[in-house]
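The next block holds one structure in the form of structure tokens; read it before the comments.
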Amino acid sequence: MICPRCDYVQAYKFFEAPTDKSWEVYRCPRCNFNWRSTEEEEVIDPKLYHPKFKLSERQIEAMAPKPPIPPLRKAQEGKR
Amino acid sequence: MPYGSFRDFLTKAEGEGQLVRIKEKVSLEPDIRAAACVAAKVPGGPILLFEQIQGYKDKQIAMNVHGSWKNHALMLDLPKETNLKVQFHELAERWDRYPVPPKRVGDAPLKEVIIDKNPSLFRELPLFRVNPMDGGFYLSKACVVSRDPENLENQNVGIYRLQVKDHDRMGIQASAHHDLSVHLRKAEELNMPLRVAIAVSNDPVTSLVASTPLKYNEDEYAMMGAIRGEPTEVIVSEKGNLDLPAGAELIIEGEIIPRQRFVEGPFAEYTGYYSTSMIQAEIKVDLISRRRDPIIFENLYTGLPWSEIDYMMALNTSIALFKQMKAEFPEIEAINSMYTHGYCTIISTKVRFGGFAKTLGCRLLSTPHGILYPKLIILVDEDIDPFDLQQVIWAITVRFRPERDLIIIPNAPGSTLDPAHSVRGLTTKIIIDATKPVFPDIPLADASIVEIPRKTDVWMEKILKIMKGEV
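Each protein sequence line maps, in turn, to chains Y and G. Its first residue numbered 1, the first sequence is counted upward by one per residue in the numbering used here. Its first residue numbered 1001, the second sequence is counted upward by one per residue in the numbering used here.
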């Protein structure tokens, strides 16, 4: 399965409608996008996904952490 | 009587004609978002309760619980027609009862079912995409509880957006200035996971206070008690000694994974724009406890303002700023910080001396909320109701002299969600002093204000009686 947002090819189905299997939910392990099989084409079709919201691997690698990760405290900190 | 649970409030709202039951079967997308968007715009702004969800039995969805001034008044147990300024002052009065500490109880319906093996958020909640370009399915109104790892007395309850990514994984947005981030930073400095519990579908005062910018050391539960007029009932979490609001429908327990960030977003925010994708913290869920089915899942629609979020973060933000500033400047009459989470804030005040209002404008920018959010600050005299925009705009048109009364502060801290930034996190703020100039400032050239004619109150009463057919 191809992720509609980042085009990663190893997206997979991980859930379906509990009562009637009327829809399925998919997950992309690279960009964490989820989608339901019954959503609008613009959300679930890789070719129709809005270009402004597409994510490339390079964009993901360049993302800043929120909140920033603090330095680890040293064991002896404050005991000089 | 305050409401003990989410369900108690739904019952009250239904009795007051403020709840609409949708009995037809609805799709998770796009039905819920379309109906919720409209709910805040139809007259009266009712709560919507979707009784049948495609694909689930025994799951329901409630939307627009805070989405009108009528619902807001009912939350405060006031008549639903209570006007805004009266609601503001009622809330301000109750605020002064703080602290009313919570009461721990031994049992609550949210412990009826406990799932501690392979919990699945998708199985337990009818999750849906709030807006089409959101990066996933969000909990947009759940209350996150955590404790300061170095000072366990300090507990925080706050609403943070949560992106459900897998059965047991969810992203959480913790901005650096939020209390949760203080807890997380300390845990991460020690390379420890941070224990959290997330309460879904709460009585409306719980959500109101969780979205109020209290000070770091203030206790949200003790403020909920003050607003409600009696202690809030809490019950301890299965793990980690966290206090949970006992009236919730469902609790998610887990821990924030230390020192790692994962792709999150975008999400349509209160600005009416999508935020960008960033790498953010993630929670590993290890337990879900809940009421027996049917579970009612409450979520929040955020879209083009005004939507429910604008009603929910309106008076609580205004009151927090009012109390923080009035403590130092008793001249302040009221503060309206309702627009785009306070991006526009209007302060009504008596003026002690020339230039005084400008001092208040600057002081606003050093309150906890004011550091980031306000960027258009308007000062008006005490004769102007800051909740009445007709009056506010009138004051600007006749009392504001741009060459003397406009302050521009470039490169000031701003919300990272503001789409009008030049550098993300920085903004330009302006202060508009629309108060009448007083000594030693130069008075207005023509200061002969027209007075309201005598006996208007008598005539108001007469006209209303005639309209009602009482005369």
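Glycine included, each C-beta is placed from N, C-alpha and C at the ideal position.
Quiz item: What residues in the region 1047-1058 of chain G bring their beta carbon closer than 8 Å to a beta carbon of chain Y?
Solution: Q1054, G1055, Y1056, K1057
Quiz item: Which one of G:T1428, G:A1073, G:G1004, G:L1244 has the shortest CA to CA distance from G:E1230?
Solution: G:G1004
Quiz item: For Y:I2, which option in Y:P18, Y:E16, Y:D20, Y:Y26 has the closest C-alpha, if you only look at C-alpha atoms?
Solution: Y:Y26
Quiz item: G:H1066 and G:Y1311: beta carbons closer than 8 Å?
Solution: yes
Exercise. Would you verify that the beta carbon of G:I1279 is, or is not, closer than 8 Å to some beta carbon of chain Y?
Key: yes
Quiz item: Listed from N- to C-terminal order along the chain, which residues in the region 1169-1193 of chain G have their beta-carbon within a distance smaller than 8 Å of any beta-carbon of chain Y?
Solution: G1171, Q1173, A1174, S1175, A1176, S1181, L1184, R1185, E1188, E1189, L1190, N1191
Self-check item: Continuous alpha helix (DSSP H) stretch holding G:N1395: start and end
Solution: In the sequence on display, residue 1395 of chain G carries Ala and not Asn. Counting along the chain, the alpha helix (DSSP H) containing G:A1395 begins and ends at 1389-1399.
Quiz item: In the structure shown, what three-state DSSP assignment does G:C1362 receive?
Solution: helix
Quiz item: Where does G:A1034 fall in DSSP's three states?
Solution: helix
Quiz item: G:E1189 to G:S1275, Cα distance in whole Å?
Solution: 28 Å
Quiz item: The alpha helix (DSSP H) spanning G:T1206 covers which residue range?
Solution: 1204-1210
Quiz item: Grouping DSSP H, G and I as helix and E and B as strand, with all else coil, what is Y:N35?
Solution: What sits at residue 35 of chain Y in the sequence shown is Trp, not Asn. The answer is strand: DSSP assigns Y:W35 an E or B state.
Exercise. Might you give, ordered along the chain, the residues of its own chain that have their beta carbon closer than 8 Å to the beta carbon of G:G1106, omitting 5 neighbours on each side?
Key: I1235
Exercise. Taking only the alpha-carbon atoms, compute the straight-line gap between G:M1278 and G:P1419 and give it to the nearest angstrom.
Key: 15 Å
Exercise. Tell me the start and end of each unbroken alpha helix (DSSP H) in the region 1040-1105 of chain G that is at least 4 residues and wholly inside, in chain order.
Key: 1069-1075, 1084-1095
Practice problem: Would you list, in chain order, the members of the region 1142-1173 of chain G that have their beta-carbon closer than 9 Å to a beta-carbon of chain Y? | Solution: Q1163, V1164, K1165, D1166, H1167, R1169, G1171, Q1173
Quiz item: Is it true that the CB of G:Q1018 sits closer than 8 Å to the CB of G:N1071?
Solution: yes
Practice problem: Taking only beta carbons into account, state which residues of the region 52-63 of chain Y come closer than 7 Å to chain G, listed in chain order. | Solution: F53, L55, I60, M63
Quiz prompt | Neighbourhood of G:S1207 by C-beta distance below 8 Å, restricted to the same chain and skipping five residues each side | solution = V1065, H1066, K1141, C1143, I1159, M1312
Practice problem: State the Cα-Cα distance for the pair Y:R80 and Y:K66, rounded to the nearest angstrom. | Solution: Model confidence at Y:R80 stands at a pLDDT of 44, short of 50, so the residue's coordinates are unreliable; what they give is reported in the following sentence. Answer to the nearest angstrom: the Cα atoms are 32 Å apart.
Exercise. Determine whether the Cβ of Y:K66 lies closer than 8 Å to any Cβ atom of chain G.
Key: yes
Quiz item: Is there at least one Cβ from chain G nearer than 8 Å to Y:G78's Cβ?
Solution: Since pLDDT at Y:G78 reaches only 48, below the 50 mark, its modelled position is unreliable, and the value read off the structure follows with that caveat. No, Y:G78 does not count as interfacial toward chain G.
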